[in-house]
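A.B. asks: Residue numbers (the numbering used here): 23 to 217.
Sharing a structure, written as structure tokens. Questions coming.
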Amino acid sequence: MNKATIKIAVQKSGRLSEASLDFLRSQGLVFEENGRSLMIACENKPVELLFVRDDDIPEYVSRNAADFGIVGKNVFLEKGAPANVIQEFDFGICELVIAVPNDSNIKKPIGLEGMRIASSYPVLLRRYLRERDINAAIIPIKGAVEVTPKLNLADAICDITQTGNTLLENDLKILDTVLKSQAILISSNFTAFNF
Ligand code: PRT
Ligand code: ZN
């Protein structure tokens, strides 16, 4: 593989995929994405696009397997992989929030003391709790976190919301915001040495 080729990791299939590719095209890159290939070469520049899971993008970039990546700030901060944030985009906008059932006795963040909180973001949640001196059990759940209070698996959740419809549908209301997030462009710490 040509050493001078720049590799950019984007989400293969998900909420960030289309806008990420639109951004790269707006920067003059010409490529034909087919939805299958894990790697494609741009037609007009020495650039290769890697199509991967969003969760893996910080790892690819921090380990220099990709020079750049487009990923949610939420995922980047949760993974904690070392990389540089170059740009914040106006897509992928969402919030990581703590939510409780509408009829919950938990009225303020301090009310989370001793409670169980289900989340796919244990690192960010742990930091939030530590900063507020709150002791709570974190229940790690990968998906459909919003359903856990109904199943009595958790007293609260910490999850991403955008429109708020999923919270509404599951009789949940926001207690606090942990992080405001959007898609970001990250670069490898090694990138500067490559060119
Ligand atoms: O397959 P892969 O691992 O790559 O994708 P994924 O399923 O893990 O991620 P994906 O495509 O769902 O989201 C990618 C990124 O988009 C996230 O990491 C966020 O940065 C951003 N994003 C923006 C969102 C949302 N909006 C969002 N609404 N990520 C998830 N959601 C979920 C939310 O958790 C809720 O369950 O969508 C559901 C609906 O949200 P409401 O509030 O609009 O009802
Ligand atoms: Zn993912």
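Where is the CB? At the ideal position from N, CA and C, for every residue including glycine.
#1: Return the first residue and the last residue of the beta strand (DSSP E) that Ala219 is part of.
#2: Cβ of Ile160 within 8 Å of Cβ of Arg148?
#3: Enumerate in chain order the residues of its own chain whose CB-to-CB distance from Ala41 is below 6 Å, with the five nearest sequence positions on each side excluded.
#4: For Cys180 versus Leu118, is the C-beta distance shorter than 8 Å?
#5: How many angstroms separate the CA atom of Ile28 from the CA atom of Val97?
#6: Using DSSP with H/G/I as helix, E/B as strand and the rest coil, what is Asp198?
#7: Measuring only the C-alpha atoms, how far is Ala31 from Ser141?
#8: Tell me the rounded alpha-carbon separation between Leu173 and Ile182.
#9: Give the range of the alpha helix (DSSP H) segment to which Val122 is assigned.
C.D. replies: Taking the coordinates as given:
#1: Residue numbering for the chain in the displayed model covers 23 to 217; residue 219 lies beyond these limits and cannot be assessed.
#2: yes
#3: Phe113
#4: yes
#5: 23 Å
#6: strand
#7: 26 Å
#8: 19 Å
#9: Element bounds for Val122: not the alpha helix (DSSP H) but the beta strand (DSSP E), 116 to 123.
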